[in-house]
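**Student:** Just dropping this structure here.
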Amino acid sequence: MLKTASTLWLVCFFFLFVSCNEDPIEPTGEGSIAGIVLDAVTGRPLPAVTINTNPATSAIITDSEGKFVFNNIPGGDYSISAKKTGYKAETVTVAVRDSEQTPVTIQLEIGTTTSNNAAPNPAANPSPGTDSQNQPISVLLKWSGSDPNRADSVLTYDVYLFEAGSTQKKKLAEGTKDTSVVANGLQYNTTYFWQVISKDIKGDSSIGPTWSFKTIGFPDHRYYFARSVDGNFDIYSSDGTEAASARLTTAFTREWWPIMSPRRDLIAYSSNASIEPQIFTMNRDGSGKRQITTLPVIGYHNQGIGFAWSPDGGRIVYANYDKLYTIDYDGFNLTLIATAPANRHFRMVDWTAQGNKIVVQTIGSNINDSEIYLMNADGTNMTKLVDNLPGRVESPSFSIDGNYVLFTRDVDGFENATGRQLNSHIYMVKLDGTGLVDLSTSKPAGTNDVFPRFSPDGAKVIFENVSNEGLGESSIWTLEIAEKTKRVKLLSNATMPEWK
15 MLKTASTLWL VCFFFLFVSC NEDPIEPTGE GSIAGIVLDA VTGRPLPAVT INTNPATSAI
75 ITDSEGKFVF NNIPGGDYSI SAKKTGYKAE TVTVAVRDSE QTPVTIQLEI GTTTSNNAAP
135 NPAANPSPGT DSQNQPISVL LKWSGSDPNR ADSVLTYDVY LFEAGSTQKK KLAEGTKDTS
195 VVANGLQYNT TYFWQVISKD IKGDSSIGPT WSFKTIGFPD HRYYFARSVD GNFDIYSSDG
255 TEAASARLTT AFTREWWPIM SPRRDLIAYS SNASIEPQIF TMNRDGSGKR QITTLPVIGY
315 HNQGIGFAWS PDGGRIVYAN YDKLYTIDYD GFNLTLIATA PANRHFRMVD WTAQGNKIVV
375 QTIGSNINDS EIYLMNADGT NMTKLVDNLP GRVESPSFSI DGNYVLFTRD VDGFENATGR
435 QLNSHIYMVK LDGTGLVDLS TSKPAGTNDV FPRFSPDGAK VIFENVSNEG LGESSIWTLE
495 IAEKTKRVKL LSNATMPEWK
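Following the numbering used here, the numbering of the sequence shown begins with 15 at its first residue and continues without gaps.
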């Protein structure tokens with residue numbers, strides 16, 4: 015009986031042991047491999063050895079000290095293959111575990127590789143040449159490739175681009191047979207590095223040298239605007255063409271309503287990075303971003319669009335609910351200058367040097383309840399310029415000589431609670447309220463002209479045109495004041511234009 019019980023216990027232990035070892039725990043997460051390749055006889059490090067992994071990660075070559083590293087690769091078992099002309103190929107197996115670096119040493123013996131195949135020659139003859147300067151922000155990268163084996167005449171290439179100061183690499187091409195690729199969307203005045211990995215049909219590869227180039231300096235753009243990409247608004251500048259547009263803000267928050275200083279040294283804009291919209295400034299190339307307000311630019315239907323520069327560029331006027339303030343360009347000397355009429359808030363505003371006057375929109379809780387006022391720069395002598403007409407009235411801005419004010423109005427008088435407009439036109443009026451001129455007589459039906467501003471020479475108006483459904487793409491246009499039928503489209507997917 016005792017013998018039978020012992021036998022049963024041994025059988026149970028055996029099956030328990032087997033069952034516990036049927037499913038070994040696989041390494042998870044990410045780790046790295048750090049290796050060195052040595053000559054098996056002399057023990058000296060071997061440079062320029064082609065290293066591949068299976069499962070595949072990337073192909074690299076050893077450095078001058080025979081070392082190589084694979085960073086941030088998924089955990090698991092890998093076969094590491096080392097190949098070098100004049101040596102026998104060697105393969106070793108390693109395990110990569112989460113947050114650990116696995117060391118490996120590979121020794122190669124002199125002889126002929128079993129595959130009788132030599133890796134491709136590294137890519138050569140780069141264009142632009144290394145250390146090239148003044149390259150465009152959309153540049154064609156070219157190189158030449160060759161292979162010592164005629165049978166491997168068809169090569170493929172992976173191309174990588176690195177921005178100076180960044181650890182992120184961008185793959186421009188993978189497995190391409192072309193010996194050129196276009197790098198788009200580059201930043202101005204920035205150094206880039208690029209590298210080509212050449213592969214033959216037998217899976218051998220070589221990494222080419224690292225080449226570099228620097229893009230042209232930031233141009234003196236005249237146009238500024240906001241653009242929404244995947245629902246995120248950022249600020250851009252342009253020379254009036256899509257190809258030369260530059261993105262100036264990159265935060266995962268809403269940045270919009272760019273206003274260039276009269277000095278043309280700073281751009282003021284609003285951002286909701288701190289939840290409530292605040293005014294920021296930045297240099298023309300997007301550098302030097304700085305928050306200058308702590309009291310937000312906000313109010314009825316005003317999520318960061320109610321501010322303007324003083325004529326000398328030293329101050330900014332902006333709306334905070336029913337109050338109108340000025341603040342120095344560096345964020346000091348917040349000064350209250352005006353209070354809106356009862357039950358109204360200040361919204362959109364502009365400031366002219368001619369007579370040192372401010373024009374401002376006031377608005378009620380209903381977005382269609384809007385008027386436009388003139389006042390002195392110190393907030394005194396506030397007088398109504400445009401009444402609360404049927405339909406939305408908004409976007410006041412001065413002409414260059416300060417004698418006219420632009421504004422928009424939905425001439426169909428449509429007053430929808432959501433603020434939808436059916437037929438918004440741009441108007442120009444004298445400061446005494448006379449001489450009203452409709453500038454949108456040739457506007458396409460079913461669209462709205464909004465956010466107008468005068469051109470620097472006063473001969474044109476820049477504005478946004480958008481479908482009245484609110485679903486179509488907004489775009490930026492210009493029109494000539496003297497000949498209103500001359501409407502020219504500048505930029506697509508663009509809003510809130512500025513021209514300085």
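Beta carbons: idealized from backbone N, C-alpha and C, even for Gly.
1) List the endpoints of the continuous beta strand (DSSP E) containing A62.
2) If you count every other CB in all the chains shown that lies within 10 Å of the CB of I284, and 16 or more means buried, which is it?
3) For the beta strand (DSSP E) holding I273, just list the boundary residues, first then last.
4) Tell whether a beta-carbon distance below 8 Å holds between W271 and A240.
5) In whole angstroms, what separates the C-alpha of N382 from that of D401?
6) Let's test the definition: count the other Cβ atoms within 10 Å of the Cβ of F266 and tell me whether it reaches 16, buried, or not, exposed.
7) Using the Cα positions of I151 and Y206, report the straight-line distance between them to the nearest angstrom.
8) Please identify the residue among D172, W208 and E385 whose C-alpha is closest to the C-alpha of D145.
9) Express the C-alpha separation of P233 and T264 in angstroms, rounding to a whole number.
10) Relative to the C-alpha of L262, which candidate in G245, T394, F294 and A473 has its C-alpha closest?
11) When you compare only the Cα positions, how much space is there between I319 and I414?
12) From I215, N246, T509 and A356, pick the residue whose C-alpha is nearest to that of G486; which is it?
13) Can you check DSSP and say which residues form a bridge with P162?
14) Considering only the beta carbon of each residue, do G433 and R406 sit closer than 8 Å?
15) Ordered along the chain, which non-local residues of its own chain (more than five positions away) have a Cβ less than 6 Å from that of G254?
16) Which of the three DSSP states, helix, strand or coil, is assigned to N482?
17) For the beta strand (DSSP E) that N334 lies in, which residues bound it at each end?
18) Helix or strand or just coil, what does DSSP make of G143?
19) Measure the CB-CB distance between I47 and I94 and report whether it falls below 8 Å.
20) Tell me whether I341 sits in a helix, a strand or coil according to DSSP, three-state version.
21) Is the beta carbon of R423 sitting closer than 8 Å to the one on L399?
22) Near S226, which residues of its chain fall below 7 Å by C-beta distance, leaving aside the five closest residues on each side in sequence?
23) Near H235, which residues of its chain fall below 8 Å by C-beta distance, leaving aside the five closest residues on each side in sequence?
24) Return the chain-ordered list of same chain residues with a C-beta closer than 7 Å to the C-beta of A354, the five sequence neighbours on each side being excluded.
25) Let me know if N148 comes out buried or exposed under the rule of 16 or more other beta-carbons within 10 Å of its beta-carbon.
26) Considering only the alpha carbon of each residue, which of R278, D244, H315 and G328 lies closest to R268?
27) Does DSSP classify Q435 as helix, strand or coil?
28) Measure the alpha-carbon distance for E517 versus G300 and round it to whole angstroms.
29) Could you tell me the distance, in whole angstroms, from the CA atom of T455 to the CA atom of S384?
30) Which residues in the same chain have their Cβ closer than 6 Å to the Cβ of V480, if we skip the five residues on either side of it in sequence?
31) Which stretch, first to last residue, makes up the beta strand (DSSP E) that contains Y418?
32) Taking Cβ to Cβ, would you say G393 is nearer than 8 Å to I351?
33) Can you look up A240 in the DSSP assignment and give me helix, strand or coil?
34) For the beta strand (DSSP E) containing G378, name the first residue and the last one.
35) Spatial neighbours of E494 within its chain, please: C-beta separation below 6 Å, excluding the five flanking residues on both sides.
36) Helix, strand or coil: which one does DSSP assign to P223?
**Tutor:** Based on what the coordinates show:
1) Boundaries cannot be given for A62, as no beta strand (DSSP E) includes it and DSSP labels it neither H nor E.
2) Contrary to the premise, residue 284 reads as Ser rather than Ile in this sequence. Within 10 angstroms of the beta-carbon of S284 lie 16 or more other beta-carbons, which makes it buried.
3) It spans E269 to M274 - the beta strand (DSSP E) in which I273 sits, taken as one unbroken run.
4) yes
5) 12 Å
6) exposed
7) 11 Å
8) W208
9) 19 Å
10) F294
11) 21 Å
12) T509
13) Paired residue(s): none; P162 is not in a bridge.
14) Cβ atoms of G433 and R406: closer than 8 Å.
15) Y237 and L504
16) In the displayed model, N482 falls within coil according to three-state DSSP, outside both helix and strand.
17) R329 to N334
18) coil
19) yes
20) strand
21) no
22) T144, D145, T205, Y206 and F207
23) S251, S252, D253, A258, A260 and R298
24) D336, F360 and T376
25) exposed
26) D244
27) Residue state, collapsed to three classes: coil.
28) Residue 517 lies beyond the range of the chain shown here (15 to 514); nothing can be said about it.
29) So the alpha carbons of these two residues sit roughly 23 Å apart.
30) N462 and S488
31) Y418 to D424
32) yes
33) If DSSP states are grouped into helix, strand and coil, A240 belongs with the strands.
34) Element bounds for G378: n/a, residue is neither H nor E.
35) K474 and K500
36) coil
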